[in-house]
Amino acid sequence: MSINRRQLLAAAGATPLLSASAALAQGGTVIDITRARTDPIPIAIPDMAGGPLGAQISRVIANNLRSSGLFRPVERAAFIQSPDAAAATPRFQDWRVIGAVALVTGRVQQGGDGLRVEFRLWDVLPEQQALGTAYNASASNWRRIAHIISDDIYKRMLGEDGYFNTRVAYVSETGPRDRRVRRLAIMDQDGENHAFLTDGRFQALSPRFHPNAQQIAFMSYERNEPRVWLFNLQSGRQEPLGSFGGMTLSPRFSPDGRSVVLSAIRGGDANIFVVDLASRRERQLTAAAGLDVSPCFSPDGSQIVFNSDRGGDQQLYVMDAGGGGARRISFGNGRYATPVWSPRGDLIAFTRIARGQFAIGVMRPDGSGERILSEGWAMESPTFAPNGRVLMFYRESQARDARGGGYSARLASIDIAGFNERPIPTPTDATEPSWSPLLG
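Reading the sequence shown from the start, the letters are residues -25 to -1, 1 to 415 in mature numbering (1 follows the signal peptide of the UniProt record, and there is no 0).
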């Protein structure tokens, strides 16, 4: 059962130990993203007071911040002041001498099934508190609290929203390459709390989150009818989306969550349709000869990007949300696919295939400023973190062994600046990730 932020922070809720306005008024440190990319912020994160759970929470926070590539947690062996003493009153010179710019302290209190976590972010150089909050939740949600605190620190230090309190849906793949079993799976963005959503009796592909993060649209081959289905994460209920006459694929929700845009194959062409979720009425948006697939709304809902071979080769196009004014935006060497609009609205990510190589890249919505972030033998399906700072995708590898071949597919993430590519752990091969919005 999923739990939103309001439920998580029930009872006393999130209690400010120092208001954000007060912290800002004190002139705390905010570090530019560009500076943090070249010189990650040294931050000390000792174990929170209160026993083993405090240590676990601190380690999740440290791992989150380290994974962003923008923070460098100071080695614990260098700590001078003890964690318990720091939680009471930091001795700033002990943290300054080991190079820490910021310090995170906290205390965990448990009672029955309840949990209270107090944390403070300290600006070491001016020796002042930059942020302080207390969270109350059930003990089973301690990891969610760690992710929320990580987001708090990220936003306070960098001036933009974090992305740690999120989940990732993806396609879990097992079995030989010519007989793959594909199931929907879901996990926290750091690979923890993993669960399978479908049982593998029917192939499942291309999961996409609803803006409320409580529903997933995906393509299923149930009853040998390839079409779009909806999966409710709270109830576990699955249902088909409408009764289209042919194959439906590549669904995405509209930004307001009231409709789904998808591709439907009828005759020899694939065209883009939008389906109203309340009435299940469909409306056709494209009618050009060829294959129009992989549609994705802009964050304001006014435009749709998609890929099409209508011009003779697979390229990216942007059109008005009502279906008019389609214009090509990709003009590099190669074929373009799987476009997705950044939540910020400033970039479109894509897959490019050229000269036998795959690449993940970004461009502006008008097609200018194309940049390749990563290249390889096979990679595809970029998805943005909710703050638009990081992309996740999947990368295939082909290894040679004594029998002449091998295959694996793994998730990876990378900053939109093209640095800090890192693997994302999954228990099986993994493809087609979809990053959720920040959890409520």
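We treat Cβ as the ideally placed atom computed from N, Cα and C, and that holds for glycine.
- Around the beta carbon of Glu214, a 10 Å sphere encloses fewer than 16 other beta carbons of the protein chains shown; the residue is thus reported as exposed.
- For Ala324, the number of other beta carbons within 10 angstroms of its own is at least 16, and it is reported as buried.
- Within the DSSP bridge table, the entry for Ala179 names Ser195 as partners.
- DSSP places Pro357 in the uninterrupted beta strand (DSSP E) bounded by 353 to 359.
- The three-state reading of DSSP puts Asn116 in helix, counting H, G and I together.
- Rounded to whole angstroms, the Cβ separation of Ala53 and Ile73 is 4 Å, and the two are in contact under 8 Å.
- The Cβ atoms of Thr223 and Ala239 lie closer than 7 Å to each other.
- Counting along the chain, the unbroken beta strand (DSSP E) around Thr406 starts and ends at 404 to 410.
- Judged by beta-carbon spacing, Asp275 lies beyond the 7 Å limit of Gly44, meaning their Cβ atoms are not closer than that value.
- Judged by DSSP in its simplified three-state form, Pro17 adopts strand.
- Under the DSSP assignment, Ile161 falls in the beta strand (DSSP E) whose first and last residues are 156 to 163.
- Burial of Gly336 is indicated by the presence of at least 16 other C-beta atoms within 10 angstroms of its C-beta.
- Contact fails between the segment 341 to 355 and the segment 102 to 122, because fewer than three Cβ pairs, one in each stretch, are under 8 Å apart.
- At the C-beta level, Gly217 and His185 stay beyond 7 Å of one another.
- Counting the other CB atoms within 10 Å of its CB gives Thr401 a total of 16 or more, which places it among the buried residues.
- Tyr292 is bridged by DSSP to Phe281, Arg303.
- With a contact defined as Cβ atoms closer than 8 Å, Ser356 and Thr326 qualify at about 7 Å.
- By the neighbour-count definition (other C-beta atoms within 10 Å, threshold 16), Gly81 is a buried residue.
- By alpha-carbon distance to Gln332, the top candidate from Ser372, Val293, Trp410 is Ser372.
- The beta carbon of Ala61 lies closer than 6 Å to those of Pro21, Thr80 in the same chain, with the five residues before and after it left out.
- The beta-carbon distance between Ala112 and Trp97, rounded to whole angstroms, is 24 Å. This is too long to meet the 8 Å contact definition.
- Counting along the chain, Ser147 sits inside the beta strand (DSSP E) bounded by residues 142 to 149.
- At a Cβ-Cβ threshold of 7 Å, Ala253 and Ile191 do not count as neighbours.
- The distance from the Cβ of Ala105 to that of Gln85 is about 27 Å, inconsistent with a contact at the 8 Å cut-off.
- Across the structure, Asp126 and Arg198 are spaced so that their CA atoms are roughly 43 Å apart.
- Burial state of Gly363 is buried, judged by a 10 Å Cβ sphere holding 16 or more other Cβ atoms.
- For the pair Ala11 and Ser195, the Cα-to-Cα distance works out to about 42 Å.
- In the DSSP secondary-structure assignment, Leu224 is bridged to Ser238.
- Spatial neighbours of Ala392 in its own chain (CB-CB distance under 7 Å, excluding positions within 5 residues in sequence) are listed in chain order as Arg12.
- For Asp174, DSSP records no beta bridge to any residue.
- For Val72, no beta strand (DSSP E) segment is defined, and its DSSP state is neither H nor E.
- Boundaries for Asn38: no beta strand (DSSP E) harbours it, while the alpha helix (DSSP H) harbouring it runs 27 to 42, taken from the DSSP string.
- Counting along the chain, the unbroken alpha helix (DSSP H) around Ala60 starts and ends at 58 to 63.
- No Cβ-Cβ contact shorter than 7 Å links Val268 with Val280.
- With fewer than 16 other beta carbons inside 10 angstroms of its own, Thr149 counts as exposed.
- For the 7 Å CB-CB criterion, Ser42 and Pro182 do not form a contact.
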